[in-house]
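Down below is the structure, laid out as structure tokens.
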Amino acid sequence: MVHSSWLMVRAPRMLRKHWVCMRQLWYTLPMNHEQSTMNKVIVITGVSRGLGQAMTSGFIKLGHTVLGCARSKASVEQLNSKFGSPNNFTALDVADEAQVKNWAKQLLSQYGAPNLLINNAAIINDLAPLWEIPSEDFSNLVDINIKGVANVIRHFIPAMINRGSGIIVNLSSGWGRSTSPNVSSYCASKWAIEGMTRSLAQELPQGMAAIPLSPGIIHTEMLEVCYGKDAASYTSIQDWQVKAIPFLLQLSPADNGVPLTVPV
Ligand SMILES: NC(=O)c1ccc[n+]([C@@H]2O[C@H](COP(=O)([O-])OP(=O)(O)OC[C@H]3O[C@@H](n4cnc5c(N)ncnc54)[C@H](OP(=O)(O)O)[C@@H]3O)[C@@H](O)[C@H]2O)c1
């Protein structure tokens, strides 16, 4: 006979382990019909290249509507002519709250509250020890990587709360959970994202989620700043997209406040 105290200690641990295995399996499965056909409205910042652009094309391919932004006007024009309506791309700087406010107002009136809000836009510092990072560069990075995320959340979240549903994903990094030399300002910003997101998760009503997400290590322009030519030996954007799109689409309120990593 199994002793009841043994069950009380072991059962929750076994269940948790079982749950983790089930979820890992789920990520590797092809998407089911409902997931791929249910149209979501997805807001993504930083869509002009890298992971933002990969998420944009991946979601649109499955029939979702993407509302994106980036500073580069030329890229935004290209995205608008490539994907067309109902997708919508705007040139703006997330660090400029007035621009974000107008953008959110226009999108919310046209599309309603998004189902998924992905704060992806960020920059990295030119590699240097902390004391050699110019103060203006440090401030600029904080304005984009931390305050830019807060700006977007401030102007989109009230509509999501009103509706009582929606998932907010804030792109973190391995450097939001560990450190390396010469990326101190970037590390500081991503550790801030982890803290800010988990605090936000405790403020949200039931039915919503805020998730700090490390994407893994992917060969983008940002990675080239860090690793130079060696960046090419990391996961390609195409391989990342295949794993990341289904992973992002299955996030749910059960993930609220849990730091996650795309399984690449
Ligand atoms: N690649 C990796 O291995 C890796 C690892 C860990 C975390 N991450 C995170 O993943 C996210 C995407 O990284 P990535 O590698 O794809 O970077 P990336 O190739 O440098 O792309 C960054 C995107 O953000 C946009 N952006 C930057 N500043 C902006 C601003 N002020 N306003 C609006 N858009 C802005 C850029 O467009 P414009 O220049 O046109 O504005 C660009 O579209 C970032 O949050 C990054 O920290 C990446």
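Each position in the sequence shown, counted from 1, maps to that position plus 32 in the working numbering.
Here a beta-carbon is modelled for each residue, glycine too, at the ideal position from N, C-alpha and C.
Predicted model, so just to flag it, every value in this text is computed and none were measured.
Identity of the residues DSSP links to M240 by a beta bridge: G198
Test item: CB-CB of T211 and C219 under 8 Å: yes
Neighbour-count burial assignment, W163, 16 or more Cβ in a 10 Å radius: exposed
Span separating the alpha-carbon of D125 from that of Q131: Whole-angstrom Cα-Cα distance: 7 Å.
Three-pair Cβ contact test at 8 Å for the stretch 163 to 181 versus the stretch 253 to 263: no
Neighbour-count burial assignment, N120, 16 or more Cβ in a 10 Å radius: buried
Beta-ladder partner(s) of A123, from DSSP: A102
Every unbroken alpha helix (DSSP H) within the stretch 249 to 287, with a cutoff of 4 residues, ordered by chain: 253 to 259, 269 to 281
Closer than 7 Å: R209 CB and nearest ligand 1 heavy atom: no
CA nearest to the CA of N288, picked from E226, V296, A276: Measuring from the Cα of N288, the nearest candidate turns out to be E226.
Residue from A286, F279, S284 with nearest C-alpha to V296: Cα-wise, what sits closest to V296 is F279.
Cβ pair count under 8 Å reaching 3, the stretch 198 to 208 against the stretch 241 to 252: yes
Exposure label - N202; buried when at least 16 CB within 10 Å: N202 sits buried, since 16 or more C-beta atoms from the chains shown fall within 10 Å of its C-beta.
Sequence-distant residues of the same chain with beta carbon closer than 6 Å to S107, five excluded per side: S80
Opposing strand residues paired with S246 [DSSP bridges]: T293
Same chain, Cβ closer than 6 Å to I200, five either side skipped, listed in chain order: Excluding residues within five positions, the ones whose Cβ falls inside 6 Å are L149, A242.
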